[in-house]
Every structure is written in C-alpha cells, then in structure tokens.
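Residue numbers (numbering that gives the first Met the number 0): 0 to 150.
Built from N, CA and C at the ideal position, the CB exists for glycine as well.
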Amino acid sequence: MNRSSASWCAPRSSTGRSPRAWRPRLRASIRSCSSCPSPPTRLPVDDRSLTLDVSILGREYRVACKESEREELLQAVQFLDHRMREIRDSGKVAGTERIAVMAALNIAHEVLRARSGKPATGGFDSAAIQRRISAMQTAIDRAMAEQEKLF
C-alpha cells in the first residue's frame, strides 16, 4: 500500500489497532486504501491542498491550506505579520517567540471581546455610536422645528 495514496487511512498494526502517534494527513486528491470500506472519491477542485511559502516577521514558513482558502490565509499572514511588527517596534517585547505569543494573546483577546459583544480596546462601541447618532438626530429635528416656526 502506497502511504501517500492512503493518507486518510490509519496504518494498522498486527493487532488491528491504529498506532497512537498516527495523525491523518491530506496528501493527495484521492483517498482510499485496501482497509477503507468506501470507494475512492475525488475531492472537489476547491478542496485540494496546496502548500504556500509565507514570511512572518522576516522568517519563512511553509503552510498548507485548501485551494479555496488561499486568499484568506494570505490575508491572515499579512494581518499577523503587521501585528507582530507593531509589537516588535514598540520595543517592549524582545524575541520572536515572545512577540508571537503576545500577538496571539492580543488577537485572542479581541476575538473573545467581539464574541461577548464588548468593544475592543481602542475600537468602536457600536451601541454608544448608535445612541449618539440618535441624540444628534433628535437635536437636529428640534432645531429644524424651531426654524420652521420662525418662517
């Protein structure tokens, strides 16, 4: 059995159990092996895996993603690189690993605040903005009503 063509199937030991350290990996667009009950299926073109070489904070990384997620991954790389450069340039954190951890913590914090409906620090509080717009509209309506009385 060719390992690259059977990357979706767990290798079996003589006892019939999968080894503990086995991890599934997508390597080819066809998945099958002699121990799989289903026939091989062709993955859609958008779900094929591809490998990208990206640069984050001057270091090169090779990452895999689905073809349909390529642009999103590149945007994520650009976003992370920008955030890590901000942290590095602030001079408060030294070392690539520490910078990466701080960037991850900051991004995770923002995601959790967004999920809970709280505004991000330095971000916009949409509810407060909406209240302020309503107050402005009311003030404008009153001023316009007073102007109409004069004419």
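Determine which residues share a DSSP beta bridge with residue i and list them.
i: S115; result: Looking at the DSSP assignment, S115 forms no beta bridge with any residue, so it has no partner.
i: S54; result: E59
i: K65; result: S48
Could you please give the first and the last residue of the uninterrupted alpha helix (DSSP H) stretch that includes residue i?
i: R47; result: Per DSSP, R47 belongs to no alpha helix (DSSP H) and is neither H nor E.
i: A126; result: 125-149
Should residue i be labelled buried (16 or more other beta-carbon atoms within 10 Å of its own) or exposed?
i: R82; result: buried
i: I139; result: exposed
i: A113; result: exposed
i: E145; result: exposed
For residue i and residue j, I'd like the C-alpha separation in whole angstroms.
i: V100; j: A126; result: 31 Å
i: E147; j: I132; result: 22 Å
i: V110; j: D88; result: 23 Å
i: Q77; j: I55; result: 8 Å
i: R97; j: R69; result: 27 Å
i: S67; j: Q74; result: 13 Å
i: A102; j: L79; result: 7 Å
i: G116; j: G90; result: 31 Å
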